[in-house]
Amino acid sequence: MALAIIIMAAGKGTRMQSELPKVLHQANGRPLIDYVLDTANSLDPDKTVLIVGHQAELVKAAAARYRVCSALQEPQLGTGHAIMQAETHLSDFKGEILILSGDAPLVNAETLQELIAFHRSRNGAATVLTAELHDPTGYGRIIRQEKSDCVLKIVEQKDASKEELAIREINSGVYVFNAQLLFQALGQINTNNAQKEYYLTDVFAICFQNGQRVYAFKTENPNEILGINTPEQLLEAEQLLRHHPE
């Protein structure tokens, strides 16, 4: 079955206190994007699309030895907007699209294989990789149908009720979508929010409105989903990568 991968790597990474694109900061002597591209490559996708933006030429040069095509996100109008830029490369693609973040180097290829297999077995519109955290502060919460793999909604922390804030299962930002349904839903989202951006997570609301099923697949290793936004998180990731280099 066909698989395409989209890697989001357009961000500036302001909190890294550097002009360098966030995905080019190094962990144990290698750019963060290297780890994600290695993992993507190991899944043997039919196509990999790298979304570039801030200092795009530097990011493209760093990825030049990999079998990827790039799509420019300029200006940067949110995560949903980033994925829209990949559509020209995937307009005729039929299969699944795996979405990864270029600043999350710890996600494991075996977990992603299991995620994709789980998604295919359920035949839904999308599957979200989730994790259970001791402190889920700041993450979107996964609201499941009782005793089920079905997701009822994904609620951002700022919008969550007291009961929802008590939930520790969170959205990792790693997704598998049916390609056709993804781009159809992206065509329906808007920028009616405080940031005036296109949010990728708004796609799920479209799926729910259309009666399409969204599933959750939980990794037992919450370290896998850690993204890097600060120098402190980079140091933490370096230590974890030393212990789990694969």
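Residue 105 in the numbering used here sits at position 118 of the sequence shown, and the numbers go up by one each step.
Cβ coordinates follow ideal geometry from the N, Cα and C atoms, glycine included.
These figures come from a predicted structure and were not determined experimentally.
Asked, Found
"With burial defined as no fewer than 16 other Cβ atoms inside 10 Å of the residue's Cβ, what is the status of Ser5: buried or exposed?", "exposed"
"What are the partner residues of Cys194, as DSSP defines its beta bridges?", "Its beta-bridge partners do not exist; DSSP assigns none."
"Tell me the residue span of the alpha helix (DSSP H) that contains Gly70.", "The sequence shown places Ile at residue 70, not Gly. Run containing Ile70: 66 to 71, per the alpha helix (DSSP H) assignment."
"Is it right to say Asp79 is buried, meaning 16 or more other beta carbons lie within 10 angstroms of its own, or is it exposed?", "exposed"
"Compare the C-alpha of Thr188 against each of His68, Asn210, Thr124 and name the closest.", "His68"
"I need the straight-line Cα distance from Asn158 to Leu213, nearest angstrom please.", "11 Å"
"Would a C-beta distance cut-off of 8 Å place His106 and Thr98 closer than the cut-off?", "no"
"Is the number of C-beta pairs between the segment 13 to 25 and the segment 59 to 68 that are closer than 8 Å three or more?", "no"
"Quick check: Asp90 and Ile193, are their CB atoms within less than 8 Å of each other?", "no"
"Would a C-beta distance cut-off of 8 Å place Val55 and Val161 closer than the cut-off?", "no"
"What residue ranges within the segment 0 to 69 form continuous beta strand (DSSP E) runs of no fewer than 3 residues, ordered along the chain?", "34 to 39, 56 to 59"
"Apart from the five residues just before and just after Lys9, which ones in its own chain have a Cβ nearer than 6 Å to its Cβ?", "Gly(-2), Gly0, Met3, Asp90"
"Between which two residues does the beta strand (DSSP E) harbouring Phe80 extend?", "Segment: none, Phe80 is in no beta strand (DSSP E) and carries neither H nor E."
"For a minimum of 3 consecutive residues, which ranges assigned as the beta strand (DSSP E) are wholly contained in the segment 132 to 206?", "138 to 142, 156 to 165, 201 to 205"
"Report the CB separation of Leu87 from Ala43 in whole angstroms; it is logged as a contact under 8 Å.", "In fact, because the Cβ distance is near 18 Å, the residues do not count as touching under 8 Å."
"Are Glu151 and Arg128 close, meaning C-beta to C-beta below 8 Å?", "yes"
"For Tyr126, which option in Pro209, Gln182, Ala172 has the closest C-alpha, if you only look at C-alpha atoms?", "Pro209"
"Answer yes or no: do Gln60 and Gly40 have a C-beta to C-beta separation smaller than 8 Å?", "yes"
"Tell me the rounded alpha-carbon separation between Glu219 and Tyr53.", "28 Å"
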